[in-house]
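Trainee:
Laid out in structure tokens, this is it:
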């Protein structure tokens, strides 16, 4: 069984934004990946970007530079 740990989850209002996040992540070499939205979060399109909490500020800064705004940002254990 996978060990649960604190993660930063960014949800998006639609699939296009989530896929754009994935492309930005690859282009800018951000730590993280696209995942199905955890069931404890009921927002957005069903896809989310997950990264370690220590990467939250960098990720949000890059998104601001790229003009992409997440629907919500959460820190949860899963």
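In full-length UniProt numbering, the protein residues as written are 1 to 78. Ideal Cβ positions, reconstructed from N, Cα and C, are used throughout, including at glycine. Values in this document were obtained by computation on a predicted structure and should not be read as measured data.
Return the bridge partner residues of residue 8 from the DSSP annotation.
Mentor: Beta-bridge pairing links residue 8 to 51, 75.
Trainee: Let me know the secondary structure DSSP gives residue 60 once reduced to three states.
Mentor: Reduced to three states, the DSSP call for residue 60 is helix.
Trainee: Compute the distance between the beta-carbons of residue 77 and residue 4, then report whether it is under 8 Å.
Mentor: For residue 77 and residue 4, yes; Cβs fall inside 8 Å.
Trainee: Let's see if you can read the secondary structure: which residues bound the alpha helix (DSSP H) around residue 34?
Mentor: Looking at the DSSP string, residue 34 is not in any alpha helix (DSSP H); the run it does join, the beta strand (DSSP E), is 33–36.
Trainee: Quick one: residues in its chain with C-beta nearer than 8 Å to the C-beta of residue 75, no 5 flanking neighbours on either side, listed in chain order?
Mentor: Excluding residues within five positions, the ones whose Cβ falls inside 8 Å are 6, 7, 8, 9, 53, 56.
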